[in-house]
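Going by numbering that gives the first Met the number 0, the first residue of the sequence shown is number 0, and it counts up by one from there.
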Amino acid sequence: MRILHISDLHFWTITCNPFYLLNKRLLGNLNLVTRRRWYIRQERADSFIELMEGLRPDVVLVGGDLTTTALESEYEKASGFLSRLQSVCPDIYVIPGNHDYYTFESQRKGRFEQYLGRYNPSSDQAVCYRPINDTALVCLPTVRPNLFSSRGFISKAHRDTAQKILREVRERQIIVLAHYPCLYTIPEYHTGLTRRLEGALPLRKMLGGSGRSVLYLAGHVHVFSHRRDPVYANVTQVTTAPLFYEKNKQPGGFTEIVTDKDELKIFPWTYDEGWTRCRESLPAPA
């Protein structure tokens with residue numbers, strides 16, 4: 000079985016409507032005008048769909064941040080892209096990222112649920128489990144709107160629910176899908192206090208204490224990494240590069256996961272004048 004993990008698509012729209020800028024979106028829009036629009040290459044969506052037509056994955060997991068400031072126009076772009084992708088791969092699972100809940104207004108109006116809810120395994124931001132052939136998929140909600148920061152959060156109740164699921168699933172392979180990484184600092188990235196997941200340490204303890212082999216998939220940090228947890232050897236984390244990224248010679252990409260008997264093989268893909276599959280990645284110590 001071939002599973003693809005894509006994340007941080009960041010479809011964007013620059014807005015000049017002052018009524019849309021009476022919140023955190025003002026800062027996000029300024030960042031978009033001055034910086035982000037130059038290295039989020041939305042036009043690569045077409046080439047990615049063409050690649051999928053040949054690759055024919057069994058499942059696509061989308062790790063959040065499909066939008067930039069959670070505008071309706073950005074959600075329309077994201078929804079259109081996923082509709083095209085679903086014509087190639089019907090089995091798509093989507094969780095929100097912090098940019099999809101960028102403002103309290105976007106959460107209050109249920110914009111993510113309105114446009115992308117049909118792809119979300121849990122419509123009420125709860126932990127959920129889905130069997131995918133011989134693999135268990137566990138989706139963790141880790142996002143909430145913030146006034147200024149981009150911090151994530153996972154509650155004790157959600158950790159307890161996930162722990163119960165891990166105890167009960169019969170599949171030998173377990174994938175945990177979240178937006179935020181649970182490792183704060185590794186050689187590939189560092190998450191500062193305003194960008195990290197609150198509750199990550201007890202989450203790692205819970206995953207490690209489960210005794211199950213867990214592949215933890217995340218986005219958010221805009222770089223590919225593949226590291227084994229330094230404390231809990233049964234937990235491996237993969238962060239995926241942003242799909243349409245191109246910044247300072249740091250290519251965008253996605254992650255291919257191939258199930259092979261009792262193991263999951265990891266292959267990063269990058270974009271450099273075309274999509275390229277890299278050699279198999281092996282987990283390094285964190």
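Beta carbons are placed, not taken as given, at the ideal position from N, Cα and C, and that holds for glycine.
Open item on the list: Under 8 Å, with one C-beta from each stretch per pair, do the stretch 128–148 and the stretch 163–183 reach the 3-pair mark?
Closed with: In short, these stretches touch, since the Cβ pair count reaches three.
Task: Own chain partners of methionine 51 with C-beta closer than 7 Å, once the 5 adjacent residues on each side are dropped - done: Position 52 of the sequence shown holds residue 51. Answer for methionine 51: Leu84, Val87 and Cys88, listed in chain order.
Task: Option in Pro201, Thr254 and Pro250 with minimal Cα separation from tyrosine 231 - done: Stepping through the sequence shown from its first residue, residue 231 is reached at position 232. From the listed residues Pro201, Thr254 and Pro250, the smallest Cα separation to tyrosine 231 is found for Pro201.
- [ ] Report yes if the CB atom of histidine 9 is closer than 8 Å to the CB atom of proline 241, and no otherwise.
- [x] On the sequence shown, residue 9 is found 10 positions in, with the first residue counted as 1. On the sequence shown, residue 241 is found 242 positions in, with the first residue counted as 1. Yes, the Cβ-Cβ distance between histidine 9 and proline 241 is below 8 Å.
Open item on the list: Just verifying my parser: in three-state terms, what is the DSSP assignment at phenylalanine 253?
Closed with: Stepping through the sequence shown from its first residue, residue 253 is reached at position 254. In the displayed model, phenylalanine 253 falls within a strand according to three-state DSSP.
- [ ] Could you tell me whether the Cβ atoms of phenylalanine 103 and proline 144 are closer together than 8 Å?
- [x] Locating residue 103 in the sequence shown gives position 104, where the first residue counts as 1. Locating residue 144 in the sequence shown gives position 145, where the first residue counts as 1. Yes, these two residues count as a Cβ contact at 8 Å.
Open item on the list: Mapping the DSSP letters down to three states, classify valine 87 as helix, strand or coil.
Closed with: The residue labelled residue 87 in the question sits at position 88 within the sequence shown. For valine 87, the three-state secondary structure derived from DSSP is helix.
- [ ] Give the C-beta separation of valine 175 and valine 213 to the nearest angstrom, bearing in mind that I take them to be a contact with Cβ-Cβ under 8 Å.
- [x] By 1-based counting over the sequence shown, the position of residue 175 is 176. By 1-based counting over the sequence shown, the position of residue 213 is 214. Between the beta-carbon of valine 175 and that of valine 213 there is about 6 Å, and that keeps the pair under the 8 Å contact cut.
Open item on the list: Rounded to whole angstroms, what is the Cα-Cα separation between arginine 107 and glycine 63?
Closed with: Position 108 of the sequence shown, counted from the first residue, corresponds to residue 107. Position 64 of the sequence shown, counted from the first residue, corresponds to residue 63. Looking at the backbone, the Cα of arginine 107 and that of glycine 63 are separated by about 18 Å.
- [ ] For asparagine 119, count neighbouring Cβ atoms within 10 angstroms of its own Cβ and tell me buried if that reaches 16, exposed if not.
- [x] Against the sequence shown, residue 119 aligns to sequence position 120. Buried is the call here.
Open item on the list: Please report the straight-line C-alpha distance between threonine 160 and threonine 269, rounded to a whole angstrom.
Closed with: Working through the sequence shown from its first residue, we reach residue 160 at position 161. Working through the sequence shown from its first residue, we reach residue 269 at position 270. The alpha-carbon atoms of threonine 160 and threonine 269 are separated by roughly 35 Å.
- [ ] Find the nearest neighbour of arginine 40 within the set Asn233, Thr275 and Tyr244, judged by alpha-carbon distance.
- [x] Working through the sequence shown from its first residue, we reach residue 40 at position 41. Ranking Asn233, Thr275 and Tyr244 by Cα distance to arginine 40 puts Tyr244 first.
Task: phenylalanine 80 versus Trp11, Arg35, Arg36 and Thr134, residue with shortest Cα-Cα distance - done: Working through the sequence shown from its first residue, we reach residue 80 at position 81. Closest by alpha carbon: Trp11.
Open item on the list: Using only the alpha-carbon positions, how far apart do tyrosine 101 and threonine 67 sit?
Closed with: Counted from its first residue, the sequence shown places residue 101 at position 102. Counted from its first residue, the sequence shown places residue 67 at position 68. Looking at the two C-alpha atoms, the distance is approximately 8 Å.
Open item on the list: Tell me the residue span of the beta strand (DSSP E) that contains alanine 217.
Closed with: Looking up residue 217 in the sequence shown gives position 218. 213–217 is the span of the beta strand (DSSP E), which, as asked, contains alanine 217.
TODO: Give a yes or no on whether the minimum CB-CB distance between isoleucine 185 and chain E is below 8 Å.
DONE: Annotation note: the requested chain E is absent from the structure, which comprises a single protein chain.
Open item on the list: Using DSSP's beta-bridge definition, name the partner residues of valine 61.
Closed with: Numbered from its first residue, the sequence shown carries residue 61 at position 62. DSSP output for valine 61 lists Ile5 and Val93 as bridge partner(s).
Open item on the list: I want to check one thing, is the minimum distance from the CB of glycine 218 to the heavy atoms of the ligand NAP below 7 Å?
Closed with: The model on display carries no ligand, and the ligand NAP is accordingly not part of it.
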